[in-house]
Amino acid sequence: MTFNRIQFQKGLSIPAFLSRYGSEAQCVEALMQARWPNGFVCPQCGHTHASRFERGHQQLWQCTRCRVQTSLTAGTPMADTKLSLQVWWLAIYLVSQAKNGIAALELARQLGVCYRTAWRIKHKVMAAMADHEQSRRLEGEVQIDDAYLGGERAGGPGEPQWRNKVPFIAAVSLQHGRPQYLRLDVVSSFRRSVVHTWAQQALAPGTHVVSDGLTAFTGVGWAGLTHDAIVTGGGRKGAQQPRLRWINTILGNLKTALSGTHHAVNFAKYGARYLHAHAYRFNRRFDLAAMVPRLASAFASAGRRTERQLRTPS
Numbered sequence: 001m002t003f004n005r006i007q008f009q010k011g012l013s014i015p016a017f018l019s020r021y022g023s024e025a026q027c028v029e030a031l032m033q034a035r036w037p038n039g040f041v042c043p044q045c046g047h048t049h050a051s052r053f054e055r056g057h058q059q060l061w062q063c064t065r066c067r068v069q070t071s072l073t074a075g076t077p078m079a080d081t082k083l084s085l086q087v088w089w090l091a092i093y094l095v096s097q098a099k100n101g102i103a104a105l106e107l108a109r110q111l112g113v114c115y116r117t118a119w120r121i122k123h124k125v126m127a128a129m130a131d132h133e134q135s136r137r138l139e140g141e142v143q144i145d146d147a148y149l150g151g152e153r154a155g156g157p158g159e160p161q162w163r164n165k166v167p168f169i170a171a172v173s174l175q176h177g178r179p180q181y182l183r184l185d186v187v188s189s190f191r192r193s194v195v196h197t198w199a200q201q202a203l204a205p206g207t208h209v210v211s212d213g214l215t216a217f218t219g220v221g222w223a224g225l226t227h228d229a230i231v232t233g234g235g236r237k238g239a240q241q242p243r244l245r246w247i248n249t250i251l252g253n254l255k256t257a258l259s260g261t262h263h264a265v266n267f268a269k270y271g272a273r274y275l276h277a278h279a280y281r282f283n284r285r286f287d288l289a290a291m292v293p294r295l296a297s298a299f300a301s302a303g304r305r306t307e308r309q310l311r312t313p314s
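For the sequence shown, the UniProt record's numbering begins at 1 and goes up steadily by one.
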């Protein structure tokens, strides 16, 4: 068996995680570094000096210029939380280190919270992951393919033939013939105009695209990119096409991960969030140990998210 250095690399072990984030004081310092890496910055006026004091069990900073008071969690996804920062940091660890993600029910068991709280925490973390992945543009040689999330046959007459079925485009850039970065983007349909718009946002100028013979993929040419369309004929033979090997492998792994970890997911509403979280982990697979502090930094700057925002289709 060929040695896969990614599979056997060291991640952030539980003892290592606890040594860094095992106390509330350590989590406070980690959040301060993530939110204010160069020292305090007033969210109101941008001033860099403040007095620090405690009110009850909460630490507050008061700007010496405008006198506005703020806390470490104000203006972040953790705003108004009643949970300790240790719980939030553990959630970031569990969501980021699990290769296939983690179900909200399992997260609830691990954190010692109710299911609804675990669901909110998980989706806030995944939303922060999505924010970073949406800005990534692939370049070089890129393999793309069309795929669907979910899909349940309708239960009665008069209903759509399929429910909870979400179309998306998968794209992976290659470096020295091996996968480098991944994008997974929900689209409204597989039309040329839709693929054209997607290519303008997801692919850098000069990218060379390789796809199967789906007519809609000619839309990448409208975006000024070179394109090789390979008529595969579908089925197992199409999946084994050498020039589309990596994208087919990635899609197979994605579907296995989602079906094996998550059950009864509303893909029509939250599918994009699950796809972006999977891409986030894939794109940082070479340095698992650094994923927690990086995600914590992204999470601290993600902005406050309300229940309504989390429930809004992504």
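For each residue, glycine too, the CB sits at the ideal point set by N, CA and C.
CB of residue i within 8 Å of CB of residue j, strictly
i      : j      : result
Gly303 : Gly46  : no
Ala98  : Ala108 : no
Gly138 : Leu203 : The question names Gly, but residue 138 is Leu in the sequence shown. Yes, they are a contact pair.
Thr64  : Ala79  : no
Ala216 : Arg191 : yes
Asn100 : Phe267 : no
Gly213 : Ser173 : no
Residue burial classification, residue i (beta-carbon count within 10 angstroms, cutoff 16)
i      : result
Lys255 : exposed
Val142 : buried
Leu105 : exposed
Tyr280 : buried
Pro37  : exposed
Ser19  : exposed
Pro313 : exposed
His263 : exposed
Tyr115 : exposed
Span of the beta strand (DSSP E), counted from its first residue to its last, around residue i
i      : result
Pro179 : 178-186
Gln200 : Run containing Gln200: none in the beta strand (DSSP E); it sits in the alpha helix (DSSP H), 192-202.
Gln62  : 58-63
Arg243 : Unbroken run through Arg243: none, as it is neither H nor E.
Thr70  : 69-71
First through last residue of the alpha helix (DSSP H) which encompasses residue i
i      : result
Cys27  : 24-35
Leu275 : 267-283
Arg20  : 14-21
Asp131 : 115-133
Ala229 : Counting along the chain, Ala229 falls outside any alpha helix (DSSP H), though it belongs to the beta strand (DSSP E) covering 226-230.
Backbone CA spacing between residue i and residue j [nearest angstrom]
i           : j      : result
His81       : Tyr148 : What sits at residue 81 in the sequence shown is Thr, not His. Cα-Cα distance, rounded: 36 Å.
Arg285      : Tyr181 : 10 Å
Ala16       : Trp198 : 40 Å
His123      : Val195 : 27 Å
Leu60       : His132 : 29 Å
residue 316 : Ile230 : What is shown of the chain runs 1 to 314, which leaves residue 316 out entirely.
Asn248      : Asp145 : 8 Å
Leu12       : Ala289 : 4 Å
Leu310      : Arg120 : 7 Å
Gln241      : Leu251 : 14 Å
Leu111      : Gln44  : 34 Å
His176      : Ser23  : 43 Å
Pro77       : Pro167 : 29 Å
Arg305      : Arg273 : 14 Å
Ala127      : Val95  : 12 Å
Ala221      : Ser71  : Rather than Ala, the amino acid found at residue 221 in this sequence is Gly. Going from the Cα of Gly221 to the Cα of Ser71 covers about 50 Å.
Proximity test, Cβ basis, 8 Å: residue i and chain B
i     : result
His57 : Note that chain B does not occur in the displayed structure, where there is just one protein chain.
I want to know whether the segment 283-303 touches the segment 20-35 - three or more CB-CB distances under 8 Å. yes
Spell out a yes or no on whether the segment 84-95 and the segment 44-61 are touching, meaning 3 or more CB-CB pairs, one atom from each, closer than 8 Å. no
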